[in-house]
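A short worksheet on the structure shown next.
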Amino acid sequence: MAFDRSQTVYSRFEATARRFADRPFLAVLDETAEAYGIGAGEIAYGDALGRVQALAAAYRRAGYGRGHRVGLLLANRPDFILHWLALNAAGVSVVPINPDLRSAEQEYMIGHSEMVLAVATPERAAELETAARAVGSPMAVAGPDGEPPPAPVSAAADAVLDADTECAVLYTSGTTGRPKGCLLANEYFLHCGDWYAGIGGLCRLEEGSERMLTPLPLFHMNAMACSVMAMVTVGGCLTVLDRFHPRTWWDSVRASRASVVHYLGVMPAMLMGMEPGAADRDHRVRFGFGAGVDKRLHAPFEERFGFPLIEAWAMTETGVAAAVIASHEPRKVGTSCFGRPVPEVEVRIMREDGTPAAAGEPGELLVRRAGDDPRFGFFRAYLKDPEATAAAWAGGWFRTGDVVLADGDGDLHFVDRKKNVIRRSGENISAVEVESVLLQHPGVRQVAVAPTADPVRGEEVMACIVARDAPADASAREALARDVVAWCLSRLAYYKAPGHVAFVDALPLTSTEKIQRGALRELVAAVVGTPASVDTRALKKRRAA
Numbered sequence: 012m013a014f015d016r017s018q019t020v021y022s023r024f025e026a027t028a029r030r031f032a033d034r035p036f037l038a039v040l041d042e043t044a045e046a047y048g049i050g051a052g053e054i055a056y057g058d059a060l061g062r063v064q065a066l067a068a069a070y071r072r073a074g075y076g077r078g079h080r081v082g083l084l085l086a087n088r089p090d091f092i093l094h095w096l097a098l099n100a101a102g103v104s105v106v107p108i109n110p111d112l113r114s115a116e117q118e119y120m121i122g123h124s125e126m127v128l129a130v131a132t133p134e135r136a137a138e139l140e141t142a143a144r145a146v147g148s149p150m151a152v153a154g155p156d157g158e159p160p161p162a163p164v165s166a167a168a169d170a171v172l173d174a175d176t177e178c179a180v181l182y183t184s185g186t187t188g189r190p191k192g193c194l195l196a197n198e199y200f201l202h203c204g205d206w207y208a209g210i211g212g213l214c215r216l217e218e219g220s221e222r223m224l225t226p227l228p229l230f231h232m233n234a235m236a237c238s239v240m241a242m243v244t245v246g247g248c249l250t251v252l253d254r255f256h257p258r259t260w261w262d263s264v265r266a267s268r269a270s271v272v273h274y275l276g277v278m279p280a281m282l283m284g285m286e287p288g289a290a291d292r293d294h295r296v297r298f299g300f301g302a303g304v305d306k307r308l309h310a311p312f313e314e315r316f317g318f319p320l321i322e323a324w325a326m327t328e329t330g331v332a333a334a335v336i337a338s339h340e341p342r343k344v345g346t347s348c349f350g351r352p353v354p355e356v357e358v359r360i361m362r363e364d365g366t367p368a369a370a371g372e373p374g375e376l377l378v379r380r381a382g383d384d385p386r387f388g389f390f391r392a393y394l395k396d397p398e399a400t401a402a403a404w405a406g407g408w409f410r411t412g413d414v415v416l417a418d419g420d421g422d423l424h425f426v427d428r429k430k431n432v433i434r435r436s437g438e439n440i441s442a443v444e445v446e447s448v449l450l451q452h453p454g455v456r457q458v459a460v461a462p463t464a465d466p467v468r469g470e471e472v473m474a475c476i477v478a479r480d481a482p483a484d485a486s487a488r489e490a491l492a493r494d495v496v497a498w499c500l501s502r503l504a505y506y507k508a509p510g511h512v513a514f515v516d517a518l519p520l521t522s523t524e525k526i527q528r529g530a531l532r533e534l535v536a537a538v539v540g541t542p543a544s545v546d547t548r549a550l551k552k553r554r555a556a
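When we follow the working numbering, the leftmost residue of the sequence shown carries the number 12, and every step to the right adds one.
Structure follows, in structure tokens:
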């Protein structure tokens, strides 16, 4: 079926809502309702449509429209989805805001995206207003239930809304120290829904009856693009948890009557670490959709809980336009296999010297869409960064920075990340961003940040620090480490703060004083767990959303 370029995210939702008016669209479980102080229960498509239309009318009255960007600091509340749909109906692009971001990160996002309004829960309004003043932004802050204030600047006169209209800016960590804003059109989200609805095989979705459960954050593409758009496209019901709770996960699965669950690699590991019970298979789940399951746990998880974990590959920049998914047998469970590219996706695996890797040889994954439009369904650009956009598409292929290998059958297996990114519990953390904050601490002369293995989180942040005044003993090391982490926690999201701090005499540097990343990893491996290193993981606490 040809892609309908006249559609928007809202128009697709409206069509589904009129068709399935009495069916549930969103469900809020009791524990999520308690966490957020909101009502539990289900919202039918027809009721949601009425609420979205009323919100859209309010935004239009206040002067919001095409060319505006509005931040959403609403965590995983239904309000996030309802306001997104309403703003989309008015032609406004949304900027999802991670609730864990602190002042410096908020200031950067507000200034960089030029958002004209932020919709946030009342307890978060003051900090956003402070961040906006700090960067001289005219941005106002509104609650999810109130009338929006008048738009500070006029919307674009061109009111034509279609698949090419900007829909969202999603920020993703890079290696240059600042998150990049990915410009995403309606096309990106619509194609996500079409793709998911058409995967088939073990991931077949039934129209009008699916119930999907996700604990993943709505400010990431997995939940926002894949989960929401899949359910909107097939008329299914989406249950979004405030976050992943291992001890009550199976209660949530049963209460939501989920037929599909979404996961990240850390989740199966946590669930497998719990005591087996008679209720392990007491659920309706047909498949789990995700990435990064420990290959040693993949088969045991499926045997214990009775459904397949379908591994897939995608990233914010590619959307699902270049997604690869192991949705058909043989899935090669336990080999980090994420499937075989479909004909619509072109793939190259390249060595460091720019030549193609042989079968079984690791190399960087390059992708593009087959056909006349190699960027169909991808992000449009990095906001205000044409150089980075051009570099990512060098030679007409999108360079993913992920290292994979293709086996003799053409199936792809994940190996590692080429980029200098730490992957902690599904969050991408820029080492350079953390280093830039640590260097502002008065006790730090030099610092280098790298990942270290963590049995629960996959990877943890480790900081190797050359102190201005070397700590004299273990007590002094611990005190300085705690102070450094507290410094980070006041300026960055909690998960970016170091979970281990090591004090060293020198860092491995090049002749031009750049960090030798390969040698740094060797240093991390040598010092973690020794007296030179302080375990600070217990200091990293998630703040209330």
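Built from N, CA and C at the ideal position, the CB exists for glycine as well. Every value quoted in this text rests on a predicted model; they were computed, and no experiment measured them.
Beta strand (DSSP E) segment containing Met150, residue limits: Within the sequence shown, the letter at position 139 stands for residue 150. Counting along the chain, Met150 falls outside any beta strand (DSSP E), and DSSP gives it neither H nor E.
Quick check: the Cα distance between Ala79 and Met126, rounded to an integer number of angstroms? Here the question's residue 79 lines up with position 68 in the sequence shown. Here the question's residue 126 lines up with position 115 in the sequence shown. First, the amino acid is wrong: residue 79 is His here, not Ala. Distance between the alpha carbons of His79 and Met126 is about 7 Å.
List the whole-angstrom C-beta distance separating Thr225 from Ala234, where the pair is believed to meet the contact cut-off of C-beta under 8 Å. For the purposes of this step, residue 225 is taken as the residue at position 214 of the sequence shown. For the purposes of this step, residue 234 is taken as the residue at position 223 of the sequence shown. Right, their Cβ atoms sit about 5 Å apart.
Indicate whether the contact test is met: 3 or more Cβ pairs, each with one atom in the segment 359 to 370 and one in the segment 304 to 322, closer than 8 Å. No: the two stretches stay apart, fewer than three of their Cβ pairs being nearer than 8 Å.
To the nearest angstrom, how far is it from the Cα of Thr186 to the Cα of Ala442? Taking the sequence shown and counting its residues from 1, one reaches residue 186 at position 175. Taking the sequence shown and counting its residues from 1, one reaches residue 442 at position 431. Its pLDDT being 41, under 50, Thr186 is placed unreliably by the model, and the measurement read from it follows with that caveat. Note on geometry: alpha-carbon atoms of Thr186 and Ala442 lie some 7 Å from one another.
Kindly indicate the opening and closing residues of the beta strand (DSSP E) around Ala334. Residue numbering aside, residue 334 sits at position 323 when the sequence shown is read from its first letter. Segment Gly330 to Ile336, the beta strand (DSSP E) holding Ala334.
Are the beta-carbon atoms of Gly374 and Pro367 separated by less than 9 Å? On the sequence shown, residue 374 is found 363 positions in, with the first residue counted as 1. On the sequence shown, residue 367 is found 356 positions in, with the first residue counted as 1. Contact annotation: Gly374 and Pro367 have beta-carbon atoms nearer than 9 Å.
Can you say whether Val335 is buried or exposed, counting buried as having 16 or more other CB atoms within 10 angstroms of its CB? Translated into the one-based positions of the sequence shown, residue 335 becomes position 324. Buried.
C-beta contact flag for Val512 and Thr463 at 9 Å: Your numbering for residue 512 matches position 501 in the sequence shown. Your numbering for residue 463 matches position 452 in the sequence shown. In this structure, Thr463 does not lie closer than 9 Å to Val512 by Cβ.
Figure out for me which residue from Ser267, Leu275, Leu282 and Leu201 has the closest Cα to the Cα of Val296. As a working mapping, residue 296 is identified with position 285 in the sequence shown. Comparing C-alpha distances from Val296 to each of Ser267, Leu275, Leu282 and Leu201 shows the shortest one belongs to Ser267.
Please give the ranges of any beta strand (DSSP E) in the segment 213 to 238, keeping only runs that are unbroken, at least 3 residues long and fully inside the region. For the segment 213 to 238, the continuous beta strand (DSSP E) assignments of 3+ residues that do not extend past its boundaries occur at 222 to 225, in sequence order.
Would you decide whether Pro397 is buried or exposed? Buried here means 16 or more other CB atoms lie within 10 Å of its CB. Residue mapping note: residue 397 aligns to position 386 of the sequence shown, counting from 1. Looking at its Cβ environment, which holds fewer than 16 other Cβ atoms inside 10 Å, Pro397 is exposed.
So the candidates are Ala101, His273 and Gly192; which of them puts its Cα closest to the Cα of Ser124? Within the sequence shown, the letter at position 113 stands for residue 124. Among Ala101, His273 and Gly192, the Cα nearest to that of Ser124 is on Gly192.
Can the beta-carbon of Pro519 be found closer than 9 Å to that of Ala459? Residue mapping note: residue 519 aligns to position 508 of the sequence shown, counting from 1. Residue mapping note: residue 459 aligns to position 448 of the sequence shown, counting from 1. Taking 9 Å as the Cβ cut-off, Pro519 and Ala459 qualify as a contacting pair.
My guess is that Glu340 and Phe390 are in contact by the Cβ rule of under 8 Å, so how many angstroms apart are they, rounded? Taking the first residue of the sequence shown as 1, we reach residue 340 at position 329. Taking the first residue of the sequence shown as 1, we reach residue 390 at position 379. Not quite, the Cβ-Cβ distance comes to about 32 Å (not below 8 Å), so this is no contact.
Please classify Leu450: is it buried, with 16 or more other beta-carbons within 10 angstroms of its beta-carbon, or exposed? Taking the first residue of the sequence shown as 1, we reach residue 450 at position 439. Leu450 should be labelled exposed.
First and last residue of the beta strand (DSSP E) that includes Ala129? Residue 129 sits at position 118 when you count from the first residue of the sequence shown. Here the beta strand (DSSP E) through Ala129 covers Leu128 to Ala131.
Thinking C-alpha only, which one of Leu531, Lys507 and Gly82 is nearest Thr1? With the chain covering only 12 through 556, there is no way to say anything about residue 1.
Assigned exposure category for Gly48 - 16 Cβ within 10 Å defines buried: The residue labelled residue 48 in the question sits at position 37 within the sequence shown. Looking at its Cβ environment, which holds fewer than 16 other Cβ atoms inside 10 Å, Gly48 is exposed.
Going by Cα to Cα distance, which pick from Glu470, Gly276, Glu372 and Pro89 is closest to Leu423? Taking the sequence shown and counting its residues from 1, the one referred to as residue 423 is at position 412. If we check each option's Cα against that of Leu423, Glu372 comes out closest.
Counting Cβ pairs, one atom from each stretch, are 3 or more of them under 8 Å apart for the segment 53 to 69 and the segment 22 to 34? Yes: at least three Cβ pairs fall under 8 Å.
Between the beta-carbon of Ala143 and the beta-carbon of Gly154, is there less than 9 Å? Numbered from its first residue, the sequence shown carries residue 143 at position 132. Numbered from its first residue, the sequence shown carries residue 154 at position 143. Against a cut-off of 9 Å, the Cβ pair of Gly154 and Ala143 comes out as no contact.
Any idea which residues DSSP pairs Glu375 with across the strands? As a position in the sequence shown, residue 375 is number 364, starting the count at 1. Glu375 is bridged to Met361 and Val414.
Which same chain residues, not among the five before or five after Ala100, have their C-beta less than 6 Å away from its C-beta? Counting from 1 along the sequence shown, the entry for residue 100 is found at position 89. In the same chain as Ala100, and ignoring 5 residues on each side of it, the C-beta atoms closer than 6 Å to its own belong to Tyr21 and Ala67, in chain order.
Using the DSSP secondary-structure output, state which residues sit across from Thr250 in a beta bridge. Residue numbering aside, residue 250 sits at position 239 when the sequence shown is read from its first letter. For Thr250, which the question treats as bridged, DSSP gives the partners Ala38 and Leu224.
Taking a contact to mean a Cβ-Cβ separation below 9 Å, would you say Leu379 touches Phe425 in this structure? Locating residue 379 in the sequence shown gives position 368, where the first residue counts as 1. Locating residue 425 in the sequence shown gives position 414, where the first residue counts as 1. Before going on, a small fix: residue 379 reads as Arg here, not Leu. Arg379 is not a Cβ neighbour of Phe425, given a cutoff of 9 Å.
What are the start and end residues of the beta strand (DSSP E) that includes Asp427? Stepping through the sequence shown from its first residue, residue 427 is reached at position 416. Counting along the chain, the beta strand (DSSP E) containing Asp427 begins and ends at Leu423 to Arg428.
Among Val415, Asn439, Gln457 and Ser544, which has the Cα closest to the Cα of Ser486? Taking the sequence shown and counting its residues from 1, the one referred to as residue 486 is at position 475. In this structure, Ser544 is the residue among Val415, Asn439, Gln457 and Ser544 with its C-alpha nearest to the C-alpha of Ser486.
The alpha helix (DSSP H) with Gly406 in it runs from where to where? Locating residue 406 in the sequence shown gives position 395, counting from the first residue. No alpha helix (DSSP H) contains Gly406, which DSSP labels as neither H nor E.
Runs of 4 residues minimum, wholly inside the segment 59 to 123: which ones carry the alpha helix (DSSP H) assignment? Within the segment 59 to 123, the runs of alpha helix (DSSP H) that reach at least 4 residues and sit entirely inside it are, in chain order, 89 to 100.
Judging by CA-CA distance, which residue of Asp175, Gln527 and Tyr207 is the nearest neighbour of Ser104? Locating residue 104 in the sequence shown gives position 93, counting from the first residue. Here the closest residue by C-alpha is Asp175.
Nearest-angstrom Cβ-Cβ length linking Leu634 and Gly301, presumed shorter than 8 Å: The structure shown does not extend to residue 634, since the chain is modelled only from 12 to 556, so the question has no answer here.
Which same chain residues, not among the five before or five after Arg554, have their C-beta less than 8 Å away from its C-beta? What you label residue 554 is simply residue 543 of the sequence shown in a count that begins at 1. Closer than 8 Å at Cβ, skipping near neighbours: Pro110, Asp111 and Tyr505.
Residue burial classification, Pro466 (beta-carbon count within 10 angstroms, cutoff 16): Numbered from its first residue, the sequence shown carries residue 466 at position 455. The residue in question, Pro466, is exposed, as its Cβ has fewer than 16 Cβ neighbours within 10 Å.
Leaving out the 5 sequence neighbours to the left and right, which residues in its chain are closer than 6 Å to Glu118 when beta-carbon positions are compared? For the purposes of this step, residue 118 is taken as residue 107 along the sequence shown, with counting starting at 1. So the list reads Ala142, Ala145 and Val146, once near-sequence residues are dropped.
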